[in-house]
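Notes to accompany the following structure.
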Amino acid sequence: MEDHDERDRDRAHRLDLRAHLRGGAARWVRGRRGLGRARFQHAGHRQESSDGGVPRAAPGDQARHRRATVPTLRRAVKRPGVLPSVVIVLSAALIALIIYGVVNTGADTSLDAAARRGEQPVAPGASVALPRLDGDGSISLAQLRGKVVVLNFWASWCEPCKAEAPVLERAQQRLTAAGAGTVLGATYKDFATESRRFERQQGVTYPSVRDDQLKLAPKYGTTKLPETFVIDRQGRIVAISRGQIDEKFLSAALDRALKVPAP
-19 MEDHDERDRD
-9 RAHRLDLRAH
1 LRGGAARWVR
11 GRRGLGRARF
21 QHAGHRQESS
31 DGGVPRAAPG
41 DQARHRRATV
51 PTLRRAVKRP
61 GVLPSVVIVL
71 SAALIALIIY
81 GVVNTGADTS
91 LDAAARRGEQ
101 PVAPGASVAL
111 PRLDGDGSIS
121 LAQLRGKVVV
131 LNFWASWCEP
141 CKAEAPVLER
151 AQQRLTAAGA
161 GTVLGATYKD
171 FATESRRFER
181 QQGVTYPSVR
191 DDQLKLAPKY
201 GTTKLPETFV
211 IDRQGRIVAI
221 SRGQIDEKFL
231 SAALDRALKV
241 PAP
């Protein structure tokens, strides 16, 4: 009789344990569904032209960012032990993006306001001569007066800078073939050795200068990367992009700049 009672108690205990485990599993599934809805916002960038064009977001930026982020979370949830480390890595990456300004747009300046009004402001800092990245002398915008200049602020740690490098290189080939000007890179908060490695890896042929002491970038309101300013032969800004450029934007900006005669 006692053995029978003990078996009944054991059976009841096992049933309670199974019910508890089923309840825990159900709670975990509900939690998983909640995580499956996680989203990160990815801000676009502005592109301004002196003809008063409406700012537009970079095509596909938000979709690409979501596709890269959400599946990673979902895969991690299938293995609960992996989730904490994934969350830590994603959080660190997001913080880095904010620090380096890849997510946020550049700050408004008087240059942006002038471009929105349809004006062509004079490119600031023309007399600032900066050392060439290749170590061979220095370059200033004043020396390039009479030529079209695509001034691009970049750094080796900037992922959008890598993505837009081929676009800038094609612009350089176009300007060189026409004998009309040059792309001029300006490194921002970067080590010279890393900048040179970037140029080799990306096949960059246009010149760059080192703005180590930030003598030029602040004059353009540059605090985030990448940023590009298209300057005509008379030293006036005809287009501004505070963010990654694309072929369409730069081609149209060059068309506009090349129509302006030399002073």
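Heads up: the sequence shown begins at -19 in my numbering, then just goes up one per residue.
The C-beta atom is built at its ideal place from N, Cα and C for all residues, glycine as well.
Given the structure is predicted, the values throughout are model-derived calculations rather than measurements.
What are the residues that DSSP puts in a beta bridge with residue i?
i    : result
R180 : Its beta-bridge partners do not exist; DSSP assigns none.
A166 : F133, V189
F209 : L131, I220
L110 : I119
V240 : DSSP, once it has assigned bridges, lists no residue as partnering V240.
G201 : DSSP output for G201 lists no bridge partner at all.
G161 : V128
V102 : R216
In angstroms, rounded to a whole number, what distance separates the CA positions of residue i and residue j?
i    : j    : result
G98  : A237 : 14 Å
F171 : A103 : 26 Å
K199 : E179 : 25 Å
D208 : S118 : Note that residue 208 corresponds to Thr in the displayed sequence, not to Asp. Going by the C-alpha atoms only, they are around 20 Å apart.
R190 : C141 : 16 Å
D235 : L194 : 30 Å
T185 : Q152 : 8 Å
R216 : A160 : 15 Å
L110 : S120 : 6 Å
V130 : I225 : 12 Å
R150 : V128 : 15 Å
L230 : V147 : 8 Å
D92  : K228 : 20 Å
G223 : P243 : 30 Å
T156 : P187 : 12 Å
T89  : T202 : 9 Å
R112 : E174 : 14 Å
K239 : A233 : 10 Å
A219 : S107 : 21 Å
Which of the three DSSP states is assigned to residue i in this structure?
i    : result
G24  : Summary for G24: the model assigns pLDDT 40, below 50, so the residue's position carries little reliability; its value from the coordinates is reported in the next sentence. Residue state, collapsed to three classes: coil.
E227 : helix
L194 : coil
T89  : coil
L234 : helix
C138 : coil
R96  : helix
Among the options, which residue has its Cα nearest to the Cα of residue i?
i    : options                : result
P241 : A95, D116, A197, R125  : R125
S221 : Q123, W134, A106, P111 : W134
G105 : I211, P187, K169, A143 : I211
A122 : Q214, L230, I225       : Q214
T162 : L113, G115, N132, S107 : N132
K169 : L205, S107, V218       : L205
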